[in-house]
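> Those letters in the sequence shown? Residues 1 to 671, per the numbering used here, in order.
Here a beta-carbon is modelled for each residue, glycine too, at the ideal position from N, C-alpha and C.
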Amino acid sequence: MHPTCPGPAPGVRSAVSAILSTATCLAGLVTLWSLPVHAGTLGDLPPELSTPTQASSQIPPDSPVKGETAPAERARFEIDLQAPDEIRRFLLRHMDLQRFRLLEDLDAAELDRLLARTPENLRGLLGTLGHFSPDIDIVVTARDGTGQAPLGTVRVAIDPGPVTQVASARVFFRGDISSNPAAAEQRQAIEREVALPVGERFTQADWEQAKTRALRLLTGLRYPSGRLLNSLADIDADTRQAHLYMELDSGPLRRLGELEIMGAERYDVSKAQQLARLSGIEAGAEYSLERLQAAQSRIAASDRYESVLVTVEPASDEADLPVRVQLRERPRQRLQVGLGGSTDNGPRLSLEYRHRQVPGIGWRVDNRVQLERNDRLAQTVWTGSPDENAWRWGASARWAEQIDGFNTTTSQRLRWGRLQEEDVRDQSQYLQFDRARTENTAQRTLIRARSRSALSVNQAWTWRQFDNPVFPEGGQGLALELGLGATLEGAPQPFARAQARWLTYWPLGGALPMLQPELGQARSLIEAVEQGRLGRLALRLEGGAVIARRETALPDTQLFLTGGDATVRGYGLRDIGVDQGDGSVLPGRYLAVGSVEWQRPIWRGGRRTPWEHVLFVDGGAVADRQQDLRAQWGVGSGVRYNSPVGPLQLDLAYGLATRSWRLHLSVGFAF
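Following this line, the structure appears as structure tokens:
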């Protein structure tokens with residue numbers, strides 16, 4: 001006997017185990033951390049997570065989900081379902097008995113007819129979970145009215161039997177994709193996707209998901225009018241094997257047509273056209289959904305438009321698909337006053353003025369004045385439009401004053417160069433002039449203020465591969481900056497400067513698939529939920545070095561300080577540097593910073609909330625010689641709220657060197 005049904009692919013399970021060890025001083029915090037951070041257990045999973053399908057609206061809101069009895073005056077009969085936990089909740093939500101037990105006019109004869117159809121109904125439901133040979137026993141007790149329900153209790157005992165596994169999965173192609181040599185890689189990608197469930201448990205929902213993913217790979221490139229022609233899941237109940245087949249019809253290869261810009265009034269339409277071309281949108285190019293999305297993102301990133309929509313019409317009869325770009329423009333100018341604050345620098349007042357298209361040259365200019373407790377800043381940044389290779393010329397000027405203990409540093413910086421911004425990688429090349437004057441207020445009468453300047457040429461790269469640009473849970477980022485220059489005070493002295501940052505997120509126990517009901521397997525869903533409770537590790541490293549002769553007098557802005565909300569918590573902003581005899585610190589030539597942070601989601605009632613617990617260890621050191629680097633450590637814990645505008649993190653940290661507590665507040669994620 002070979003029953004057939006439209007059939008799927010269980011998700012691939014992944015498990016990552018991690019062994020963590022921390023310093024002895026963290027023992028107390030770890031003990032507190034090990035206490036429960038959620039209300040409820042896996043047994044309290046919400047209804048929408050207990051089933052691999054989305055057809056869960058069959059049950060009235062007040063009906064039982066776990067098999068408990070409803071109020072006696074409403075339930076016509078009770079259900080006593082005996083089955084393994086992993087399928088019990090699924091059946092209680094979808095079996096026909098649940099839909100009829102609360103009907104007030106249900107009589108014994110109608111119940112008998114319902115019970116006669118129940119085995120078939122249960123076998124169909126169990127088949128969607130991969131059980132095609134179940135043993136089902138149904139008995140009605142207390143039908144004489146001695147029970148709580150007038151029609152008695154329906155006891156259903158189920159032995160689901162062995163699980164059916166996917167033995168093979170094949171895909172057949174029709175249309176242009178079947179013979180086009182240029183589509184060979186696309187065919188292979190679809191075949192790999194279809195073959196993923198082989199060896200895994202068969203479920204109906206996973207089969208539907210496999211077909212959806214295969215169709216998405218087909219229509220995302222070259223063939224927007226592609227369709228699923230046929231599909232079949234051939235189930236051999238005797239051998240407990242499923243053989244999956246699908247047939248895809250690509251239709252003709254489609255190419256992009258002419259670009260049409262709509263809504264351009266304030267800004268030159270050629271700028272939007274150029275940004276689209278940089279993303280590969282050209283007449284005659286093969287259709288690609290990825291290119292359309294890239295063009296939409298690139299045009300939106302220009303900051304000239306409130307909304308951008310890049311579309312084609314696959315149903316068009318034209319051989320080439322016209323590309324339509326619909327724009328809603330922003331005003332040319334913006335003036336913004338900002339109020340804020342931080343635990344490092346107290347209250348903040350800022351004034352920003354932006355002109356998105358300066359008359360005559362078409363550049364964007366950003367002017368900013370910012371006042372904080374220990375910092376003052378005034379700067380202007382001018383940026384041109386990208387050329388055919390996505391490079392943009394830019395220039396900036398900045399004046400800044402920062403107070404660190406007894407030291408007040410006043411600096412000026414001029415920069416000229418070009419930058420290239422892409423989805424994964426950014427890079428910039430620039431010439432930079434620095435001048436800094438540092439004055440010690442405690443020794444003003446003894447030590448004359450020093451003023452130093454330098455000129456350098458620099459190259460910087462940034463790579464980002466995070467799974468989410470706002471709330472990352474996996475991925476990594478790397479930033480490198482190299483510079484060569486010479487001092488300008490007295491006889492020129494050469495120097496080299498290098499700085500690097502690395503950040504990675506490491507999910508513990510496997511990445512959480514955001515609790516989607518269509519995952520298909522109750523057991524796999526529970527495992528994924530349990531893995532997601534472990535959260536993730538955030539590992540951060542930063543290092544810097546200035547190579548020069550010992551007597552070379554460098555501007556302080558070319559040297560390093562650390563400490564504060566975003567570096568070493570438990571210490572104030574720029575509190576870690578080269579210690580001076582008067583208790584102040586000066587910047588040094590070498591920098592080393594490291595951090596390990598455990599971010600664990602907080603659960604309530606089986607649901608993941610926007611809140612997370614954080615446990616961290618930070619360390620940082622600054623010195624004028626490598627051998628003098630001595631790390632200063634900070635440890636602590638905090639909470640993070642994933643707000644609509646980005647993560648908001650509040651941390652309480654203890655500085656081991658200062659033996660004091662500090663509160664740190666940080667907002668947003670950027671790399």
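1. Please list the terminal residues of the continuous beta strand (DSSP E) segment that includes A621.
2. DSSP state of G124, grouped into three classes?
3. Residues in the same chain with beta-carbon distance under 6 Å from A631, minus the five sequence neighbours each way, listed in chain order, please.
4. Please report how far the alpha carbon of D624 lies from the alpha carbon of T557, in whole angstroms.
5. What span of residues does the alpha helix (DSSP H) with H94 cover, start to end?
6. Our contact map puts R450 next to R435 with C-beta atoms below 8 Å; I'd like the distance itself, whole angstroms only.
7. If I measure Cβ to Cβ from A657 and keep anything under 6 Å in the same chain, skipping five residues before and after, which residues do I get?
8. Could you name the residues that DSSP lists as bridge partners for L652?
9. With a CB to CB cut of under 7 Å and the five nearest residues on each side skipped, what residues in its chain are close to F406?
10. Identify, in the order they occur along the chain, each residue of the same chain with its Cβ nearer than 7 Å to the Cβ of V139, setting aside the five sequence neighbours on each side.
11. Count Cβ pairs between the region 459-475 and the region 565-572 that sit closer than 8 Å; are there 3 or more?
12. In the DSSP assignment, the alpha helix (DSSP H) including L292 goes from what residue to what residue?
13. Could you give the distance in angstroms between the alpha-carbon of S428 and the alpha-carbon of A167?
14. For P601, which three-state DSSP category applies?
15. If I measure Cβ to Cβ from P252 and keep anything under 6 Å in the same chain, skipping five residues before and after, which residues do I get?
16. Could you give the uninterrupted runs of the beta strand (DSSP E) lying entirely in the region 136-214, keeping only those of 3 residues or more?
17. Would you report the Cα separation of L615 and G360, rounded to the nearest angstrom?
18. What is the residue span of the beta strand (DSSP E) that S342 lies within?
19. Give the straight-line distance between the Cα atoms of E329 and W382, rounded to the nearest whole angstrom.
20. Compare the beta carbon distance of Y353 and L371 with 7 Å and say whether it is the shorter of the two.
21. Would DSSP call R569 helix, strand or coil?
22. Taking 6 Å as the limit between beta carbons, can you name the residues of its chain near V312, skipping five residues before and five after?
23. Considering only the beta carbon of each residue, do R240 and P162 sit closer than 7 Å?
24. Could you work out which residue in L228, R266, A242, A233 is closest to L248 when comparing CA atoms only?
25. When the distance is taken between beta carbons, is G646 closer than 7 Å to G668?
26. Beta carbon of R222, beta carbon of Y267: below 7 Å?
27. So with Cβ pairs under 7 Å, would you call L663 a contact of chain C?
28. Looking at the strands, I want to know which residues DSSP matches up with A397.
29. Report, in whole angstroms, the separation of the C-beta atoms of L561 and P587, which I expect to be a contact under 8 Å.
30. So, for H243: in the same chain, excluding its five sequence neighbours on each side, which residues have a beta-carbon less than 7 Å away from its beta-carbon?
31. May I have the straight-line CA-CA distance separating A116 from L122, to the nearest angstrom?
32. So what does F495 bridge to, in DSSP terms?
33. Rounded to whole angstroms, what's the CA-CA distance from L106 to R608? Just pull it up for me.
34. Please tell me whether P160 and L125 are closer than 7 Å, where the distance is taken between their beta carbons.
35. Would you say A157 and Q204 are within 7 Å of each other, going by their C-beta atoms?
36. Please classify D112 as buried or exposed, where buried requires at least 16 neighbouring CB atoms within 10 angstroms.
Answer, in terms of the structure:
1. 607-623
2. helix
3. G619, A621
4. 14 Å
5. 85-94
6. Contact doesn't hold; Cβ gap of about 11 Å is too wide.
7. Q632
8. S637, L663
9. N440, T441, A442, D582, S584
10. R155
11. no
12. 289-301
13. 52 Å
14. strand
15. D176
16. 153-159, 165-174
17. 53 Å
18. 333-342
19. 20 Å
20. no
21. coil
22. L321, V323
23. yes
24. L228
25. yes
26. no
27. No chain C appears in the structure shown, which is made up of a single protein chain.
28. T380, L414
29. 5 Å
30. A167, S168, D234
31. 11 Å
32. G485, A548
33. 40 Å
34. no
35. no
36. exposed
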